[in-house]
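Peer 1: Residue numbering for the sequence shown follows our numbering, starting at 3 and increasing by one per position.
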Amino acid sequence: MKKKCFIFDLDGVIVDTAKYHFKAWKSLAEDLGVDFSIEQNEQLKGVSRVHSLEKILKWGGRTLDPVEFKNKLSQKNTNYLEYISHMNISGLLPDVDRVLRFLANNNQYITLGSASKNARPILDKVKITGLFDAIVDGNDVTKAKPNPEVFLKAARLTKSKTKNCIVFEDSVAGIQAANAAGMISIGIGDSTVLHEAQYNFKDFKVMSNDFLEQLIKKS
Ligand code: BG6
Ligand code: MG
3 MKKKCFIFDL DGVIVDTAKY HFKAWKSLAE DLGVDFSIEQ NEQLKGVSRV
53 HSLEKILKWG GRTLDPVEFK NKLSQKNTNY LEYISHMNIS GLLPDVDRVL
103 RFLANNNQYI TLGSASKNAR PILDKVKITG LFDAIVDGND VTKAKPNPEV
153 FLKAARLTKS KTKNCIVFED SVAGIQAANA AGMISIGIGD STVLHEAQYN
203 FKDFKVMSND FLEQLIKKS
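1) Could you pull out every unbroken beta strand (DSSP E) segment of at least 3 residues lying fully inside the segment 83 to 126, listed in chain order?
2) So, for Asp205: in the same chain, excluding its five sequence neighbours on each side, which residues have a beta-carbon less than 8 Å away from its beta-carbon?
3) Please state the DSSP three-state secondary structure of Ile226.
4) If you compare alpha carbons, which of Lys4, Lys5, Lys6, Val17 is closest to Thr131?
5) What is the chain-ordered set of residues for which the beta carbon lies under 7 Å from any non-hydrogen atom of the ligand MG?
6) Could you check what DSSP says for Val174 in three-state terms: helix, strand or coil?
7) Just how far apart, CA to CA, sit Ala121 and Gly140?
8) Assuming Asn166 contacts Lys21 under a Cβ cut-off of 8 Å, what Cβ separation, rounded to an integer in Å, is found between them?
9) Can you find the residues in the same chain that come closer than 6 Å, C-beta to C-beta, to Tyr201, ignoring five residues on each side of it along the sequence?
10) Is it true that the CB of Phe203 sits closer than 8 Å to the CB of Asp11?
11) In whole angstroms, what separates the C-alpha of Phe38 from that of Gly176?
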């Protein structure tokens with residue numbers, strides 16, 4: 003049987019860090035006198051740091067000169083790094099460990115497809131780096147999700163055809179990227195928000211090993 007390539011997004015899929023990105027953006031936006039809603043925050047998920055700041059500025063009708071823009075990006079990241087500095091294995095989202103181990107035991111490719119430039123240290127913190135056959139993160143791509151570049155790179159690194167790739171994502175931009183790549187898209191989170199996904203699960207707790215097995219065997 004052909005090996006499938008399972009591509010995991012990081013923030014909000016593997017680790018519970020989406021809330022930290024939100025907090026860090028929220029406090030930066032407040033400094034700028036811009037307010038944004040939970041619904042608008044959904045539009046920041048999966049989106050690169052630079053594009054996120056551009057969106058926030060647009061919502062607030064604000065502009066920054068290039069130096070201020072850079073300073074704000076680094077302010078956000080410093081704040082975010084403070085949130086994740088105490089992270090340990092308990093930061094893994096429920097049942098991620100079971101799913102990863104099931105796939106590893108079934109000899110499948112496990113890869114990362116994340117927009118974050120902080121992905122590698124986070125995987126180290128939660129002690130799962132060794133499970134990955136390939137890691138593609140924000141340092142490896144030039145085009146942000148919903149562009150499929152990050153997932154296509156993961157496919158290439160494992161020499162997998164796109165139709166044999168399965169993407170787990172908690173963001174609208176990520177689901178759109180997976181669909182654009184011609185991969186199977188699986189939404190992890192609110193199915194109303196992630197309605198463009200081919201399959202939806204609230205979290206990994208409700209994703210059975212039987213379902214994973216069906217994905218592995220799917221022709
Ligand atoms: C994505 C997150 O995974 O990474 C976004 O969903 C975040 O919220 C983006 O902005 C970039 O992350 P980082 O860690 O490089 O700022
Ligand atoms: Mg995410």
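C-beta: ideal position from N, C-alpha, C; glycine also.
Peer 2: According to the structure data:
1) 111 to 115
2) Leu95, Pro96, Asp97, Ile190, Gly191
3) It is not possible to answer for residue 226, since the shown part of the chain is limited to 3 through 221.
4) Val17
5) Asp11, Leu12, Asp13, Gly14, Val15, Ala20, Lys47, Gly48, Glu171, Asp172, Ser173, Gly176
6) helix
7) 8 Å
8) Not quite, the Cβ-Cβ distance comes to about 33 Å (not below 8 Å), so this is no contact.
9) Ile188
10) With respect to Phe203, Asp11 sits apart: the two C-beta atoms are not nearer than 8 Å.
11) 21 Å
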